[in-house]
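In the working numbering, the protein residues as written are 51 to 234.
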């Protein structure tokens, strides 16, 4: 992680504020100024949000927990983030490929960004806020029981509903990326 420049920070905050204002249905009743004050004193979180934005995730607030004063951001791009596609699921899957290896994997990429993959419940929550992944799909956090058997899960939105599927964790596709989340 490296610290953002003042210009990068100001540009990111402006972008996040515009998105926050454009989509009040994702966070009813929340005050941008309170969130911004919290962001400004957490440069590591700003850097992670910057990485989410830079890779096409369009992060936005989707939840607030008053008991812990915690905001949760999800990648809210209409389709799976464009610069996080064509990745297999994790390092074990990447190492198992003998030919035609992808450039990376979703789990390590998320970790390097300081975020985590959405799980099934979080993905359903995202889909309750709009229609996402109507032309793409996104890897989701896979339970260890499935992963130990070589599989990994992904979700998308087709035919008016959310679907979850499985694939070999070593698979990768141009139309599959991953969506992340971050707490601030």
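Just so it is clear, CB atoms sit at the ideal spot from N, CA and C, and this is done for glycine as well.
query	result
Three-state secondary structure assigned by DSSP to residue 166	strand
Any non-hydrogen atom of the ligand GDP within 7 Å of residue 72 CB	Here there are no bound small molecules, and the ligand GDP is not part of this structure.
Alpha-carbon spacing of residue 96 relative to residue 54, whole angstroms	8 Å
Buried or exposed by the 16-neighbour rule on C-beta atoms within 10 Å, applied to residue 134	buried
Three-state secondary structure (DSSP) of residue 61	helix
Own chain, CB closer than 7 Å to residue 103, minus 5 neighbours either side, in chain order	62, 65 and 109
Segment limits, beta strand (DSSP E) that includes residue 113	109–115
Segment contact flag, the stretch 110–127 with the stretch 176–183, C-beta cutoff 8 Å, min 3 pairs	yes
DSSP-derived helix/strand/coil call for residue 216	strand
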